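Protein chains in written order, with the working numbering: chain Y, 87 to 401; chain F, 3 to 978.
All residues carry an ideal CB built from backbone N, CA and C; glycine is no exception.
Computed from a predicted model, the values in this text were never measured in an experiment.
Some notes on the structure that comes next.
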Amino acid sequence: MELFRALGSLIEVPAPEHRRIAEALGLPSVPDPSVHGAVVASQRYPYASVYLGAEGMMGGEARDRIAGFRRALGIGDGQAGGGPGDAAVTGDDPGPGRSAGVAESDHLAALLALLCALDRWQRDESDPARAALMAEARVTLVWEHIVSWTGPYLASFERCGSPFHEAWAALLSEALARLEAETPFPDYLPAAFRTAPALADPRDEGGAAFLATLLAPVRSGVILLRDDLVRLGEEAGLACRAGERRYVLGSFLAQDPGAALQWLAGHAREWSGRMVGRGPAPVARWWADRAAESAVLLSRLADGAGTVVSAVSVP
Amino acid sequence: MNPRRSLDDLNRRVSAARADVESRGETFYPGASRVHLAAFPPKERWSDWVELDSKAWPERVERRYMLVPTTCFNCESACGLLAYVDRDTLEVRKFEGNPEHPGSRGRNCAKGPATVTQLTDPDRILTPLKRAGGRGEGKWEPVGWDEALDDIAGRIRAAIDEDRHREIMYHVGRPGEDGFTERTLAAWGVDGHNSHTNICSSGARAGYHLWMGMDRPSPDHENADVILLVSSHLEAGHYFNPHAQRVMEGKARGAKLIVFDTRLSNTATHADHWLSTYPGSEAAVLLAIANHLIRTGCYNAGFVERWWNWGDYMAENHPGKPATFEAFQRVLHDLYEGYTFEFAGAESGVPAETIEAAAEIVAGAGTRLSTHNWRSAAAGNLGGWQVARTLFLLNALLGAVAVPGGTYPNAWNKFVPRPIRMPPRHPESWNELTWPADYPLSLMEMSFLLPHLTAERDGRLDVYFTRVYNPVWTNPDGFSWLEMLTDPERIGLHVALTPTWNETAFFADYVLPMGHSSERHDLTSYEQYDGLWIGFRQPVLRAARERLGEKVSSTRDVTPGEVWEENEFWIELTWRIDPDGSRGIRRFFESRERPGEKMTVDEYYGWIFENSVPGLPERAAREGLSPLEYMRRYGAFEVGTAVGPVYEQRVPEAELEDVQVDAAGRAYTRAAPPPSPNVVPIPPLDGDGEGRRHVGVAVNGEVRRGFPTPSGRLEFWSRTLAEWGWPEMAVPGYVRSHVHRDTLEPGQMCLISTFRLPVQIHTRSANAKWLNEIAHTNPLWLNPGDAARIGVGTGDLVRVETQIGHFVVKAWVTEGIHPGVVACSHHMGRWKTGDGPRQTMATVSLDREGTDWGISRKNGTGPFRSDDPDTARIWWTDVGVHQNMTFPVQPDPISGAHCWHQAVRVTKAGPGDRYGDISVDTARSREAFRQWLKLTRHAARHSPDGTRRPWWLLRPVRPVRDAYRLPWNSSEPSAP
Ligand code: SF4
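Following this line, the structure appears as structure tokens:
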């Protein structure tokens with residue numbers, strides 16, 4: 087399990103300590119912090135809430151769910167702010183009921199550190215009933231809060247241009263696949279899937295909701311990186327204005343809604359295909375289906391593009 | 003390759019790499035850099051840390067730093083700081099938290115990092131100055147340190163030689179250190195310590211002291227199930243940052259937070275239950291909760307029976323009843339049954355159901371109830387000390403005392419290492435100006451009465467030091483202070499030791515520049531959780547240069563301008579007072595290693611760390627460092643954790659020799675006390691009169707440590723109060739405040755003036771530009787109903803009339819204040835008449851006609867050019883209003899604490915009123931002083947043993963026992 091903790095720590099801002107960890111794992115050399123900034127911090131946000139939350143943003147109900155899970159375990163719920171003495175961050179938790187919270191409990195590093203800690207507590211537990219409880223908690227953590235989003239997340243690192251991050255994502259995928267094979271998952275879908283409605287139809291819910299849900303992976307089934315938007319501009323012959331993703335998307339739709347929507351539909355189709363085999367079968371299927379559903383809506387919208395653009399307010 | 007094998011292999015490899023790195027004491031996983039504000043450079047890289055210069059953005063300019071720890075000096079929390087010393091320029095570029103500090107754990111409030119702005123303040127004092135004109139005229143000339151030191155030392159020497167010891171006084175705000183200066187005064191044989199405590203925490207501390215012999219609480223918020231705060235502790239309390247982070251951790255674990263606060267403070271907004279109590283009613287509400295616990299049997303009877311002094315109480319107060327615990331339980335029940343939720347609701351204005359809900363939560367806390375009161379209600383009200391006493395009653399009922407999640411006494415969570423030389427001397431005379439016999443039970447010096455006592459009792463001070471303290475501005479009744487400071491008959495020489503200008507320093511004879519937090523040496527230790535730690539404040543540039551191989555023998559070589567390090571200042575002054583050692587004073591500051599030479603700070607602290615801090619030498623040796631090097635490298639050390647319930651500890655056999663146990667269970671022994679490296683103040687308890695010393699209490703046939711109180715137990719009933727004239731106050735009770743609704747005259751309201759602005763810290767932060775930008779004014783909080791009645795809205799001027807004068811301030815209309823109450827923060831309202839700090843001081847004219855004083859504002863602050871381009875960007879002009887000037891002194895007759903809340907009339911400002919106007923008649927101040935003096939019960943009439951003060955009560959620089967004897971015989975006609 088130390089492997090997970092080590093892999094988790096590597097998605098944080100590069101520090102000199104990472105060199106030793108990467109070496110031990112046989113990964114390429116750790117890149118400069120600016121590469122981390124370009125690849126991770128500004129595009130592939132390593133927070134579960136971004137991928138599982140209906141708003142597609144950090145925090146909110148998705149993070150609260152993880153906080154509640156931690157509270158139920160008797161460890162800090164993540165609302166108090168973390169710090170160096172915060173063992174849950176480091177995975178050195180003294181045990182359930184003893185540790186304080188972390189500020190961002192849904193960060194991939196925190197989740198993997200917790201997985202590692204749960205494994206240790208379970209092994210150290212002498213009471214069989216409590217050990218069984220720990221085992222159950224581990225299954226829940228992995229199912230609800232880790233493999234539910236790491237499939238598409240790690241897929242987004244393919245061809246990201248950073249050899250280190252590509253290798254890191256491949257290794258973590260491999261390790262998770264092994265974990266999945268050993269874990270008896272429940273026969274229902276993770277809660278985040280059950281509560282998230284599909285991509286908003288701008289004709290019913292307006293342009294603002296459409297743009298917002300397009301950028302919320304759990305709604306659209308798709309991850310739209312800044313790099314993807316640059317590609318959209320190049321391939322559809324549209325000017326990519328500088329600004330946040332929602333603004334850029336809005337400006338594409340204002341310039342040529344048909345072309346922009348066509349490109350997005352294609353992107354969703356391609357994304358649906360990429361999900362096959364990514365994570366436990368029901369999870370991978372869910373992501374593939376959701377992206378395919380979005381692709382259908384997007385192509386339909388592309389056909390009647392005029393109505394869409396009037397619904398999307400472009401500054 | 004078999005993927006299973008390969009992953010297992012990687013797992014093993016990474017585990018082995020981690021074990022290998024950590025076995026060398028290094029860090030394998032980096033800090034949690036994703037967590038905001040929690041990225042700490044690993045300590046093995048503190049000597050050479052590289053960061054990009056944020057100011058150079060967008061260029062990538064690397065800066066190399068040496069990270070040197072010190073301790074924040076901006077409040078008493080003593081949080082750890084890490085100075086980022088630029089290796090190329092040897093300048094401090096910024097401060098962040100020190101993750102090695104056990105109390106603050108790497109975190110700070112805004113005031114910690116703002117220290118850098120205090121260092122670089124263009125208006126700070128860098129040269130010793132001597133008054134050139136009359137006092138307060140604002141004319142100064144530079145003076146050499148030698149001349150100043152010789153002058154001051156000469157006067158002190160003469161006073162000592164002529165037996166005028168009591169004419170020397172050192173007046174301190176927050177000491178920020180553990181005993182160095184007190185020991186200096188003890189070495190001089192001078193009972194001249196004067197502190198600000200009686201305008202601050204002494205009300206609450208008196209309440210705690212009477213219960214458990216120790217005067218501060220150390221609540222274990224982190225492990226509590228219920229946290230009950232009578233204060234706005236999350237943003238402004240004592241030990242604010244260390245406690246606030248633990249309160250939030252407790253909450254994160256599911257603890258319920260109950261807050262008593264008349265205002266909707268930031269703390270109240272975080273509460274599960276916010277009780278907006280009418281000022282002064284807090285004890286009534288706490289007693290209603292206590293009554294609930296007693297009535298429903300939800301208290302820990304086993305603990306109460308074992309640890310309360312109920313036996314003494316029954317014997318003295320109910321001699322006719324059986325001396326059994328059951329009888330006591332019935333008495334206890336009857337004692338508090340009148341404190342119903344309805345009664346408390348009527349007193350406090352909080353609905354009875356809300357109080358009941360809070361009581362239910364407290365009842366469910368078991369022993370995990372952490373409670374805290376510091377200033378707040380205890381500092382505001384007549385009888386405020388009963389707030390702490392009734393609050394701790396809840397802990398005492400539940401047995402939530404020094405157990406996980408409960409409240410500990412401070413002395414068990416504090417470590418004061420024995421210094422290299424401990425002056426055994428005690429002053430032989432008693433200082434009536436600080437410890438008048440009118441207030442025999444005052445917890446600390448009656449500091450704020452000094453102008454009245456010097457005026458009415460012919461008091462004179464020949465040498466008066468104010469040290470990082472500003473009584474003119476901080477204390478009530480500032481104009482009386484001005485009258486005293488400008489009167490050469492009362493103050494011979496006033497020496498202001500301060501890093502920055504303040505309203506008091508303007509009236510000094512010498513202004514001597516002292517260092518800010520990263521330019522001083524001090525040792526600190528505070529009760530912030532169940533553990534013991536020491537923090538080392540050090541001049542960071544000294545430590546940095548030494549690490550680069552330089553030898554620094556005097557800190558002055560690394561401080562800016564002619565700033566002196568304070569320890570070195572006191573050592574030098576002491577040597578000049580006793581140049582040839584004939585007075586027996588100098589020896590306390592002589593080197594042990596080099597007899598006949600001055601002690602250096604390296605020797606002083608090196609000896610302490612080597613000899614008085616258990617575990618530190620071993621810890622340092624593991625890193626190949628000397629203990630001093632270790633502390634200069636890391637800044638803090640945790641001596642121990644999980645101290646637990648010391649009262650339950652069995653006294654070891656070696657300490658039990660010829661033991662006698664008296665009828666009340668107190669145990670006495672002939673064995674000498676074992677030497678302890680921890681010299682934290684503990685009350686001295688009398689022996690049995692036959693040569694045995696108090697050693698503990700006998701419980702079920704075994705001698706346990708118990709509490710350092712006269713009974714050895716928790717004192718529900720205080721024999722001290724009963725015997726010194728206050729029998730009706732001897733058990734926790736409710737005193738109706740001087741601002742109780744029934745006491746107010748028609749049209750009067752209560753003014754709360756005790757709360758802080760979270761980013762300000764009295765006068766210390768006046769030159770911190772970041773803090774001033776955030777908070778620079780103090781409007782009057784006014785409930786919409788009251789505002790409508792008065793006819794004002796937010797921003798309108800109102801006149802606030804007190805007993806002695808008035809001030810004019812802006813209104814802020816808010817639902818966040820209890821109706822019928824107004825509130826104004828005591829921070830802000832700084833002023834100057836001429837040159838002085840330009841960031842937060844208004845320029846005013848100060849006018850006097852006899853006893854009529856006035857201040858009117860000429861202009862506020864504004865942008866100005868200096869070496870710091872930011873000063874040209876000051877965008878605010880308003881700096882608030884100095885309300886404390888208009889408050890009379892209101893000393894509580896028991897605790898001696900100033901009762902800050904004011905009965906005021908608030909009206910719409912008249913045509914002649916201007917913002918910032920202050921007007922006071924000091925003749926009325928004097929009347930108020932006499933009026934409150936009438937409430938006292940003088941020792942001459944009430945002392946049970948002919949002394950001025952109970953011997954066992956804590957007291958700084960304790961004089962010899964003979965000095966405790968009253969000079970009057972109560973039967974003499976001249977007795978007061
Ligand atoms: S609470 Fe703030 S001002 Fe006080 S010591 Fe800590 S950092 Fe400094």
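Could you check the C-alpha separation between residue i and residue j for me, to the nearest Å?
i	j	result
F/Val470	F/Ile201	16 Å
F/Pro104	F/Val645	15 Å
F/Leu337	F/Leu289	10 Å
F/Asp660	F/Ala669	10 Å
F/Glu349	F/Gly282	9 Å
F/Leu791	F/Arg840	Before going on, a small fix: residue 791 of chain F reads as Arg here, not Leu. F/Arg791 and F/Arg840: Cα-Cα distance of roughly 38 Å.
F/Ala346	F/Glu725	30 Å
F/Val697	F/Gln662	10 Å
Y/Ala110	Y/Arg91	13 Å
What does residue i touch in chain Y if you count any residue whose Cβ is under 8 Å from its own?
i	result
F/Ala19	Arg106, Ile107, Glu109 and Ala110
Kindly identify the DSSP beta-bridge partner or partners of residue i.
i	result
F/Gly698	F/Ala669
F/Gly642	F/Leu534
F/Lys812	F/Leu799
F/Glu704	F/Val701
F/Asp854	F/Glu851 and F/Asp923
F/Lys96	F/Tyr86
F/Val663	F/Ala669
F/Lys834	F/Thr845
F/Ser372	F/Ile229
I want to verify the contact list: residues of chain F whose CB lies under 7 Å from the CB of residue i, in sequence order.
i	result
Y/Asp92	In the sequence as displayed, the identity of residue 92 of chain Y is Ala instead of Asp. Those within 7 Å of Y/Ala92 in chain F are Val16.
Y/Arg149	Under the 7 Å cutoff, chain F gives no residues; its nearest Cβ is about 13 Å from Y/Arg149.
Apart from the five residues on each side of it in sequence, which residues of its chain come closer than 7 Å, Cβ to Cβ, to residue i?
i	result
F/Val922	Phe481, Ile806, Gly807, Trp855, Met887 and Thr888
F/Leu334	Ile296
F/Pro865	Thr873, Ala874, Arg875 and Ile876
Y/Leu89	Ala261
F/His320	Val333
Enumerate in chain order the residues of its own chain whose CB-to-CB distance from residue i is below 6 Å, with the five nearest sequence positions on each side excluded.
i	result
F/Val52	Glu64 and Arg66
Y/His251	Val125 and Phe243
Y/Ile309	Pro238, Ser242 and Pro303
F/Asp618	The amino acid at residue 618 of chain F is misidentified as Asp; the sequence shows Leu. Here the set comprises Phe611, Pro629 and Phe639.
F/Thr756	Arg377, Ala381, Gly382 and Trp902
At a CB-CB cut-off below 7 Å, which residues of chain Y make contact with residue i?
i	result
F/Gly256	Arg157
Spatial neighbours of residue i within its chain, please: C-beta separation below 8 Å, excluding the five flanking residues on both sides.
i	result
Y/Glu141	Ala298 and Ala302
Y/Met87	Leu201, Cys202, Asp205 and Arg206
F/Val37	In this prediction, F/Val37 scores a pLDDT of 39, lower than 50, which makes its location untrustworthy; no coordinate-derived value is stated.
So which residues on chain F does residue i lean against when the C-beta distance must stay under 8 Å?
i	result
Y/Leu89	Leu9, Leu12, Asn13 and Val16
Using a Cβ cut-off of 9 Å, pull out every chain F residue sitting near residue i, in sequence order please.
i	result
Y/Glu320	Within chain F, no residue comes near Y/Glu320; the closest Cβ sits about 26 Å away, beyond 9 Å.
Just to make sure I have the definition right: I need the residues of chain Y whose C-beta is within less than 9 Å of the C-beta of residue i. Which are they?
i	result
F/Val23	Glu103 and Arg106
F/Pro44	Ala101, Pro102 and Glu103
Using a Cβ cut-off of 8 Å, pull out every chain A residue sitting near residue i, in sequence order please.
i	result
F/Pro124	This model lacks chain A altogether; the protein chains it does include are Y and F.
Report task. Would you list, in chain order, the members of the segment 378-389 of chain Y that have their beta-carbon closer than 9 Å to a beta-carbon of chain F? Result -> none
Query raised in the report: What residues in the segment 524-541 of chain F bring their beta carbon closer than 9 Å to a beta carbon of chain Y?
Result: none
Query - Residues of the segment 632-650 of chain F whose Cβ lies closer than 8 Å to any Cβ of chain Y, in chain order - result: none
Query - Interfacial residues, the segment 56-83 of chain F to chain Y, with Cβ spacing under 7 Å - result: The segment 56-83 of chain F vs chain Y, Cβ under 7 Å: nothing.
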